[in-house]
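Participant: Residue numbers (my numbering), protein chains in the order written: chain D, 1 to 109; chain U, 110 to 231.
Where is the CB? At the ideal position from N, CA and C, for every residue including glycine.
The structure's right below; bear with me while I get my questions together.
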Amino acid sequence: QTVVTQEPSLTVSPGGTVTLTCTSNTGAVTSGYYPNWFQQKPGQAPRTLIYSTSNKHSWTPARFSGSLLGGKAALTLSGVQPEDEAEYYCLLYCGGAWVFGGGTKLTVL
Amino acid sequence: QLQLQESGPGLVKPSETLSLTCSVSGGSIITNSYYWGWIRQPPGKGLEWIGNINYSGSTYYNPSLESRVTISVDTSKNQFSLKLSSVTAADTAVYYCARHLAVAQSRSFDYWGQGTLVTVSA
């Protein structure tokens with residue numbers, strides 16, 4: 001069974017930069033895993049930020065970017081804003097099924 | 110603007126079948142570029158993908174749920190539906206429907222419903 005792992009929690013200062021990562025127990029994450037990143041705030045539905053590794057939707061703020069780093073999918077926030085405090089989930093396509101990571105709680109402090 | 114809306118019973122008894130419908134407005138469900146999916150989230154926990162369907166009825170499911178899940182589509186009503194059988198308390202969750210972009214190298218759950226809480230309890 002595929003397990004997708006994220007950092008449980010991270011803290012960043014306003015204006016700072018932080019990178020969240022997403023790994024698979026099946027091996028290195030590649031573009032073929034079509035990494036997606038979602039932001040979820042309490043009581044709200046998830047909102048897609050990044051799809052297929054690095055593509056942004058029209059609503060994705062410019063400070064969010066996606067990439068592959070050292071066999072992992074990565075979401076980088078540059079110039080963090082207080083409203084970026086949220087839970088972030090990655091999603092990978094693994095062996096014909098979509099698997100979510102456990103989520104990273106990002107605190108802006 | 111595309112909108113998705115989940116509907117169905119908020120309370121289901123153990124061992125019974127959970128049934129939800131997702132109504133799509135602001136766009137047609139008949140499109141070659143998209144699948145339509147279900148995702149759930151137990152209270153206080155993470156997200157879990159349940160399965161996807163396209164307008165012609167082609168499906169693929171989470172292997173851990175596949176034996177209990179059926180997703181269907183009704184193009185005349187611009188809706189798709191989820192049935193989950195033999196439910197237990199572990200199936201208590203907020204259930205979301207979403208549109209899934211699937212064209213060329215692009216894969217994205219882009220538009221989501223607001224979610225509906227289903228509680229499994231006697």
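Cβ of D/T48 less than 8 Å from any chain U Cβ?
Facilitator: For the purposes of this step, residue 48 of chain D is identified with residue 48 of the first sequence, where counting begins at 1. Taking Cβ atoms only, chain U reaches closer than 8 Å to D/T48, which makes this a yes.
Participant: Should D/S52 be flagged as near chain U, meaning a C-beta pair shorter than 8 Å?
Facilitator: Position 52 of the first sequence, counting from 1, holds the residue named residue 52 of chain D. Taking Cβ atoms only, chain U reaches closer than 8 Å to D/S52, which makes this a yes.
Participant: Among U/V178, U/Y170, U/L120, U/W147, which residue has its Cα nearest to the Cα of U/L113?
Facilitator: Indexing the second sequence from 1 puts residue 113 of chain U at position 4. Nearest option by C-alpha distance: U/W147.
Participant: Counting along the chain, where does the beta strand (DSSP E) carrying D/S78 start and finish?
Facilitator: One-based indexing of the first sequence puts residue 78 of chain D at position 78. 72–78 is the span of the beta strand (DSSP E), which, as asked, contains D/S78.
Participant: I'd like to know whether the C-beta atoms of U/H209 and U/Y169 end up nearer to each other than 8 Å.
Facilitator: Taking the second sequence and counting its residues from 1, the one referred to as residue 209 of chain U is at position 100. Taking the second sequence and counting its residues from 1, the one referred to as residue 169 of chain U is at position 60. No, these two residues do not count as a Cβ contact at 8 Å.
Participant: Which whole-angstrom value describes the C-beta separation of D/P107 and D/E85, a residue pair presumed to lie in contact below a C-beta threshold of 8 Å?
Facilitator: Translated into the one-based positions of the first sequence, residue 107 of chain D becomes position 107. Translated into the one-based positions of the first sequence, residue 85 of chain D becomes position 85. Residue identity check: residue 107 of chain D is Thr in the sequence provided, not Pro. Rounded, the Cβ-Cβ distance is 6 Å, consistent with contact.
Participant: Would you say D/Y34 lies against chain U (beta-carbon separation less than 8 Å)?
Facilitator: Counted from its first residue, the first sequence places residue 34 of chain D at position 34. Taking Cβ atoms only, chain U reaches closer than 8 Å to D/Y34, which makes this a yes.
Participant: Considering only C-alpha positions, which residue in the set D/W98, D/G43, D/S65, D/R47 is nearest to D/T53?
Facilitator: In the first sequence, the residue the question calls residue 53 of chain D occupies position 53. It is D/S65.
Participant: State the beta-bridge partners of D/Q40 as determined by DSSP.
Facilitator: The sequence position of residue 40 of chain D within the first sequence is 40, counting from 1. Note: D/Q40 sits in a beta bridge opposite D/E87.
Participant: Considering only their Cβ atoms, is the gap separating U/L191 from U/L129 smaller than 8 Å?
Facilitator: Numbered from 1 along the second sequence, position 20 holds the residue referred to as residue 129 of chain U. Numbered from 1 along the second sequence, position 82 holds the residue referred to as residue 191 of chain U. For U/L129 and U/L191, yes; Cβs fall inside 8 Å.
Participant: D/L10 and D/V3 look like a contact to me (Cβ under 8 Å); what is the Cβ gap, rounded to whole Å?
Facilitator: Counted from its first residue, the first sequence places residue 10 of chain D at position 10. Counted from its first residue, the first sequence places residue 3 of chain D at position 3. Not quite, the Cβ-Cβ distance comes to about 20 Å (not below 8 Å), so this is no contact.
Participant: If we define contact as Cβ-Cβ less than 8 Å, is U/D219 a contact residue for chain D?
Facilitator: Translated into the one-based positions of the second sequence, residue 219 of chain U becomes position 110. True, the Cβ-Cβ gap to chain D drops below 8 Å.
Participant: By the DSSP assignment, the beta strand (DSSP E) with U/G160 in it spans what residues?
Facilitator: The residue you call residue 160 of chain U lines up with position 51 of the second sequence. Looking at the DSSP string, the run of the beta strand (DSSP E) that includes U/G160 is 157–162.
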